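Asker: Attaching a single structure in structure tokens format; questions to follow.
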Amino acid sequence: MGSGHHTISVHLRDELSQLVRRAFMETREVAEEGGDELSHYEHWRIYWSICYCVDDALLEEAQWHNDRRMRQLRLPNEIWLKIWEYLPPKSVISLSQTCGVWRSLALTTPRL
């Protein structure tokens, strides 16, 4: 892979922006059909709901990337376990949240 700075295409950025705007628009339309108007509170609930959806998608992508990266390192599990023996308990919890490969290994190793 190159070391260039990659961003999403203009087309994808526009599509994502349109999707967010559509979520607000459709929610407003549903409220107006019922004779209501979105309150300030409801507007912020929609905002945070969209943020959580984006966060979930980004988290899923980050986990996929971390899992893929760990497989590329190709260190045997025994080496990881030996390294982890020197970690304080708090760090063991953190490493179990790093990627699926490490989580599985940490949870199936009784001495951790």
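According to UniProt numbering, the sequence shown is numbered sequentially starting from 1. For every residue, glycine included, the Cβ atom is placed at its ideal position computed from N, Cα and C. On a predicted model such as this, the values are computed, not experimentally measured, just so you know.
#1: Thinking Q72 and C99 are a contact (beta carbons under 8 angstroms), I'd like their distance in whole angstroms, please.
#2: Of the residues E78, S104, R45, which one's Cα is nearest the Cα of R28?
#3: Rounding to the nearest angstrom, what Cα-Cα distance links W80 and E15 in this structure?
#4: Within 10 angstroms of the Cβ of A57, are there 16 or more other Cβ atoms? Answer buried if so, exposed if not.
#5: Looking only at its chain, what residues have a beta carbon closer than 8 angstroms to the beta carbon of L38, apart from the 5 residues adjacent to it on each side?
#6: Here's the rule I'm using: 16 or more other beta-carbon atoms within 10 Å means buried, otherwise exposed. How should W102 be labelled?
#7: Run through DSSP, which three-state label would T98 get?
#8: Between the alpha carbons of G18 and L75, how many angstroms are there, rounded?
#9: Where do the N-terminal and C-terminal ends of the alpha helix (DSSP H) with T27 fall, by residue?
Answerer: Put simply:
#1: That belief does not hold up - the Cβ atoms of Q72 and C99 are roughly 11 angstroms apart, past 8 angstroms.
#2: R45
#3: 42 angstroms
#4: exposed
#5: T27, R28, A31, I46
#6: buried
#7: coil
#8: Contrary to the premise, residue 18 reads as Gln rather than Gly in this sequence. Computed Cα separation, rounded: 43 angstroms.
#9: 10-33
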